[in-house]
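Heads up: the structure comes next, in structure tokens.
In my numbering, the protein residues as written are 53 to 460.
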């Protein structure tokens, strides 16, 4: 779940035509020459500033990249707990008598099959099967759903949902500004949260949501995550965000809870083999390319956007396969680096980073299926599989995803 490039001003109808001059009134400043809008602040930006976080513009939001050591933040989530501000995510309410049927048509999954209180990971695709975004859909009531989108794709998702429900008795409303979203992730998350809520956390199932009180505030409490650890997401009123962050921090201090930024979130999700939009997922790829064909419900009743293209893709021989790689050197495979087989390009790295948990560089990559078979049969240490790291073929080993699974 990630950034996407900003729109190219040259593609805007307000752009300057080199042959005829400005398309706008010369007295009106061109939008192409105006400085970009400053990134939006979340309800917790002031807290991050007080904590001394390194802040960065992420998908148009001012977000904490790290508070100190991203490795320490990563390790805390694996061994204790981390606190994340996810208020940049996009939230859309889909309501009305036809809400369920509308989402069945708009998305690859089958939200109508969800019981109130449950959630599901799914995708929204174009007519050609390309992924517009990966989503989590919460069914809050019979006629009420909450769709959570990546920040960079929120506008695209909102527009697509609005277009796809036309003619149905359903409404889409952008609720992004109505929510602050805080995640607590890690093996101590449940114990820490239990100090602040009377909710029976043991009864909160994975991929479920419940109305609850946390630290005296009314929230929607969900049990999902993007780190490979157990944890909870707290959807709250923006005005309650600072209070909830402070109370969670206080309750978790003795258990090793720390604030964690985007850098740790990225290495955590990479170790857990979770895809990132713009890296493993894009409009040029289908869910089947990413090994996520399970989110495409071709057997659900009725049509849905992209059904024909996805049905054809489901029957076709795969052209690429998403795999895990570990480096046999200390040099890190990065996004866009070529994967080599016997010295020849056979794929491309989508995400790579040093793994604090494994102690070696790791990467996800798309490679040709025949190379996957050959690399599996040849075993590690042959030197046939490598990554081109700035002109040097660094040996790599094919491994099964995910790189990390939390202890049972």
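No residue lacks a Cβ here, since even glycine has one placed at the ideal position from N, Cα and C.
Please read these numbers as outputs of a predicted model, since none were measured by experiment.
Just tell me which of 189, 246 and 160 has its CA closest to the CA of residue 169.
Within the chain shown, residue 169 is the residue found at index 117, counting from 1. For residue 169, the nearest C-alpha among the options comes from 189.
In whole angstroms, what separates the C-alpha of residue 448 from that of residue 260?
Working through the chain shown from its first residue, we reach residue 448 at position 396. Working through the chain shown from its first residue, we reach residue 260 at position 208. Each residue's alpha carbon lies about 38 Å from the other.
Rounded to whole angstroms, what is the Cα-Cα separation between residue 339 and residue 181?
Reading the chain shown from its first residue, position 287 is the one you call residue 339. Reading the chain shown from its first residue, position 129 is the one you call residue 181. CA-to-CA, the gap between residue 339 and residue 181 works out to about 8 Å.
Have a look at residue 245 and residue 239 and give me their C-alpha separation to the nearest angstrom.
One-based indexing of the chain shown puts residue 245 at position 193. One-based indexing of the chain shown puts residue 239 at position 187. Going from the Cα of residue 245 to the Cα of residue 239 covers about 11 Å.
Going by beta carbon distance, what residues of the same chain come within less than 8 Å of residue 78, once the five residues before and after it are set aside?
To locate residue 78, count along the chain shown from 1; it is residue 26. Any answer about residue 78 is weak, because its pLDDT of 35 lies below 50 and its placement is not dependable; what the coordinates show is given next. Hits under 8 Å: none found.
Use the C-beta contact count for residue 155: other C-beta atoms within 10 angstroms, 16 or more gives buried, fewer gives exposed.
For this step, residue 155 is matched to residue 103 along the chain shown. By the neighbour-count rule (16 or more Cβ atoms within 10 Å), residue 155 is buried.
I need the straight-line Cα distance from residue 409 to residue 321, nearest angstrom please.
Position 357 of the chain shown, counted from the start, is the residue given in the question as residue 409. Position 269 of the chain shown, counted from the start, is the residue given in the question as residue 321. Approximately 12 Å between the Cα atoms of the pair.
Give me the residue from 230, 433, 333 and 149 with the minimum Cα distance to residue 286.
Within the chain shown, the letter at position 234 stands for residue 286. When C-alpha distances from residue 286 are compared across 230, 433, 333 and 149, the shortest belongs to 230.
Using beta-carbon positions only, say whether residue 310 and residue 125 come within less than 9 Å of one another.
Counting from 1 along the chain shown, the entry for residue 310 is found at position 258. Counting from 1 along the chain shown, the entry for residue 125 is found at position 73. Yes; because the gap between Cβ atoms is below 9 Å, this pair is in contact.
If you pair each beta-carbon of the stretch 325-334 with each one of the stretch 252-266, do three or more pairs fall below 8 Å?
no
Quick one: residues in its chain with C-beta nearer than 7 Å to the C-beta of residue 387, no 5 flanking neighbours on either side, listed in chain order?
To locate residue 387, count along the chain shown from 1; it is residue 335. Result list for residue 387: 331, 401, 402, 403 and 404, in chain order.
To the nearest angstrom, how far is the alpha carbon of residue 280 from that of residue 319?
Within the chain shown, numbered from 1, the residue matching residue 280 stands at position 228. Within the chain shown, numbered from 1, the residue matching residue 319 stands at position 267. Approximately 11 Å between the Cα atoms of the pair.
Alpha carbon to alpha carbon, what distance is there between residue 87 and residue 446?
Position 394 of the chain shown holds residue 446. Position 35 of the chain shown holds residue 87. Going from the Cα of residue 446 to the Cα of residue 87 covers about 42 Å.
Taking its Cβ as the centre, do 16 or more other Cβ atoms sit within 10 Å of residue 421, making it buried, or is it exposed?
Counted from its first residue, the chain shown places residue 421 at position 369. When all chains shown are included, residue 421 counts as exposed.
Can you tell which of 432, 398 and 455 has the C-alpha that lies nearest to the C-alpha of residue 440?
On the chain shown, residue 440 is found 388 positions in, with the first residue counted as 1. It is 398 whose Cα lies nearest to the Cα of residue 440.
What did DSSP end up calling residue 434 once you bin it into helix, strand or coil?
If you number the chain shown from 1, residue 434 lands on position 382. When DSSP states are grouped into helix, strand and coil, residue 434 belongs to the coil group.
Using only the alpha-carbon positions, how far apart do residue 92 and residue 109 sit?
Numbered from 1 along the chain shown, position 40 holds the residue referred to as residue 92. Numbered from 1 along the chain shown, position 57 holds the residue referred to as residue 109. Taking the straight line from one Cα to the other gives about 9 Å.
Report the residue from 357, 307, 333 and 150 whose alpha carbon sits nearest the alpha carbon of residue 418.
If you number the chain shown from 1, residue 418 lands on position 366. Ranking 357, 307, 333 and 150 by CA distance to the CA of residue 418 puts 333 first.
Assign residue 66 to buried or exposed, taking buried as 16 or more other Cβ atoms, counted over all protein chains shown, within 10 Å of its Cβ.
The sequence position of residue 66 within the chain shown is 14, counting from 1. Note that residue 66 scores a pLDDT of 27, beneath 50, so its modelled location is shaky and nothing firm can be said.
On a CA-only basis, which of 335, 278 and 362 is nearest residue 457? Give me that one, please.
For the purposes of this step, residue 457 is identified with residue 405 of the chain shown, where counting begins at 1. Closest option to residue 457, Cα to Cα, is 278.
Name the two residues that bound the continuous beta strand (DSSP E) containing residue 444.
By one-based count along the chain shown, residue 444 stands at place 392. Here the beta strand (DSSP E) through residue 444 covers 444-451.
Cα separation between residue 437 and residue 460?
Mapped onto the chain shown, residue 437 falls at position 385. Mapped onto the chain shown, residue 460 falls at position 408. Going by the C-alpha atoms only, they are around 32 Å apart.
Which residue wins for smallest C-alpha separation from residue 378, given the options 433, 423, 425 and 343?
Taking the chain shown and counting its residues from 1, the one referred to as residue 378 is at position 326. For the residues 433, 423, 425 and 343, the minimum Cα distance to residue 378 belongs to 433.
Pairing CB atoms from the stretch 145-154 with CB atoms from the stretch 293-303, are three or more of them under 8 Å?
no
Can you grab the Cα-Cα spacing for the pair residue 254 / residue 236, in whole Å?
The count along the chain shown starts at 1 and reaches residue 254 at position 202. The count along the chain shown starts at 1 and reaches residue 236 at position 184. Those two C-alpha atoms are separated by around 16 Å.
Go ahead and pull the three-state DSSP assignment for residue 77.
Taking the chain shown and counting its residues from 1, one reaches residue 77 at position 25. Confidence at residue 77 is low in this model, with a pLDDT of 36, below 50, so its placement is unreliable and the value that follows should be read with caution. Three-state DSSP puts residue 77 in coil, outside helix and strand.
With H, G and I counted as helix, E and B as strand and the rest as coil, what does DSSP make of residue 162?
As a working note, residue 162 is residue 110 in the chain shown. The answer is coil: DSSP assigns residue 162 none of H, G, I, E or B.
Residue 454 and residue 314: beta carbons closer than 9 Å?
As a position in the chain shown, residue 454 is number 402, starting the count at 1. As a position in the chain shown, residue 314 is number 262, starting the count at 1. Taking 9 Å as the Cβ cut-off, residue 454 and residue 314 do not qualify as a contacting pair.
Return helix, strand or coil for residue 262, following the three-state DSSP convention.
Position 210 of the chain shown, counted from the first residue, corresponds to residue 262. Here residue 262 sits in strand by DSSP.
Is the beta carbon of residue 273 closer than 9 Å to that of residue 284?
Position 232 of the chain shown, counted from the first residue, corresponds to residue 284. Position 221 of the chain shown, counted from the first residue, corresponds to residue 273. Contact: yes.
Measuring alpha carbon to alpha carbon, tell me which residue in 195, 219, 293 and 452 is nearest residue 374.
Taking the chain shown and counting its residues from 1, one reaches residue 374 at position 322. It is 452.
What residue ranges within the stretch 230-283 form continuous beta strand (DSSP E) runs of no fewer than 3 residues, ordered along the chain?
232-237, 261-266 and 269-274
Who pairs with residue 416 in a beta bridge, going by DSSP?
By 1-based counting over the chain shown, the position of residue 416 is 364. DSSP output for residue 416 lists 376 and 403 as bridge partner(s).
Taking only runs of the alpha helix (DSSP H) that begin and end inside the stretch 294-343, which ones reach a length of at least 4 residues, in chain order?
314-323
Going by DSSP, which residues form a beta bridge with residue 199?
Residue mapping note: residue 199 aligns to position 147 of the chain shown, counting from 1. Note: residue 199 sits in a beta bridge opposite 144 and 189.
Could you check the C-alpha separation between residue 106 and residue 289 for me, to the nearest Å?
Along the chain shown, one-based indexing puts residue 106 at 54. Along the chain shown, one-based indexing puts residue 289 at 237. Taking the straight line joining both Cα atoms gives about 25 Å.
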